[in-house]
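These notes are about the structure you will find just below.
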Amino acid sequence: MPSTPLTTVPPLLSSRSFRGRIGCDANSGYYAVPCRYRLHLSLSCPNSLQIAITHSLLGLQDTLPVVLLPALPDRPDGGHSALHDLYEASSHRHPGPAVAPVLSDSWTGRIVTTHSSHILRDLARHFGGDTQDRPLLYPRGAEKEIEAVERLCEDRLDHAAQVAGRADIDDAARHSALASLLHVLGSLERRLAHQNFVLGDEVTAADVRLWVALVQLDTVHRLHLDAAAVHRIADHPHLWRYARRLAAHPAFGRHLDLDGIAHRHHARCRGLEAAGAAVQILDWALHIADARQ
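In terms of numbering that gives the first Met the number 0, the sequence shown opens at residue 0 and continues consecutively.
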């Protein structure tokens, strides 16, 4: 384990978020119209990565333009200069940093929402799923299962991995977090031993969320775990084969900015790397090369 406490610099959060929604018709204010909206994404950010994958799966390249931002914000407050005017137009003297992801409205020059969950669902519901070649990422009747996977990734993968890698808490807490993480990975391993995707034979939003969590686990959280813990995490062959297969999928792998993720992590984290840093689970660069061909 690291010899000094692991301290992660907390993200600078805006004191006011934007939570507009895209509706079904003109009476909703924001409604689905091709080329009306823009996505502003930084692919080093897990939320932005989820949105970029969803955008590609739905084939929205010609319908909803994407503006890519640098991996690291360039303003002292942790915001992006490229988003400053958009935030200012949406909220005069906006009290927080101009952060991504953002869905903006080109008709008004204002922000619709900065809430990634709303962006993901509105893209799928109002822009995708209307042709046979677009997957139904939120199929009817699967909403609760997808939400359960999202909570699982948030609490039992992302958070548990962070706690398991902290050096400023006692051994019991770290071991408990690691046990919780391994329990979830074991459940996913058993499920993926018999089916191609988390909810069955078709890709859904649950796969997007899980894949991004696995990316974070291997490229960020692993760096603060000891080698024994990383080997136990890697010992789920069906799960990591699933991650490798999706990495080779163009909608997933071509958005994976490994250098950007590393720069973002090292800019925000003040802890030392542990023995697990040298134990890479997947060669992500090799597999995403297939997706970019």
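All residues carry an ideal CB built from backbone N, CA and C; glycine is no exception. Nothing here was measured: the structure is a model prediction, and the numbers come from that model.
Find the nearest neighbour of S179 within the set L281, V66 and R231, judged by alpha-carbon distance.
-> R231
Report the residue from Y36, R35, F17 and L68 whose alpha carbon sits nearest the alpha carbon of G259.
-> Closest option to G259, judged by alpha-carbon separation, among Y36, R35, F17 and L68: L68.
The region 36–55 contacting the region 94–101, beta-carbon criterion three pairs below 8 angstroms = yes
Rounded separation between L177 and V214 - CA only | 17 angstroms
With distances taken Cα to Cα, identify the nearest neighbour of R35 among S80, V111 and G275.
-> V111
Q49 burial status per 10 Å Cβ neighbour count (16 or more: buried) = buried
Starting from the Cα of G140, find the closest Cα among T203, R267, L255 and E87 and give me that residue.
-> T203
Tell me, please, which residues DSSP counts as bridged to S103.
-> R37 and I110.
Cβ contact check for the region 51–71 and the region 214–230: 3 or more pairs under 8 angstroms | no
According to the Cβ coordinates, are H237 and L198 closer than 7 angstroms?
-> Cβ atoms of H237 and L198: not closer than 7 angstroms.
Please determine, among A51, D76 and G28, the residue with the shortest C-alpha to C-alpha distance to S116.
-> Nearest option by C-alpha distance: A51.
At what residue ranges does the region 177–254 contain a whole run of the alpha helix (DSSP H), taking only runs of 4 or more?
-> Listed in chain order, the complete alpha helix (DSSP H) runs (minimum 4 residues) inside the region 177–254 are 204–218, 226–233, 236–246 and 249–252.
Which residues share a DSSP beta bridge with C152?
-> C152 is not bridged to any residue.
For V294, the first and last residue of its enclosing alpha helix (DSSP H) = The requested residue 294 does not occur in the structure, where the chain is confined to residues 0 to 292.
What residue does the alpha helix (DSSP H) around L85 start on, and which one ends it?
-> S80 to S89
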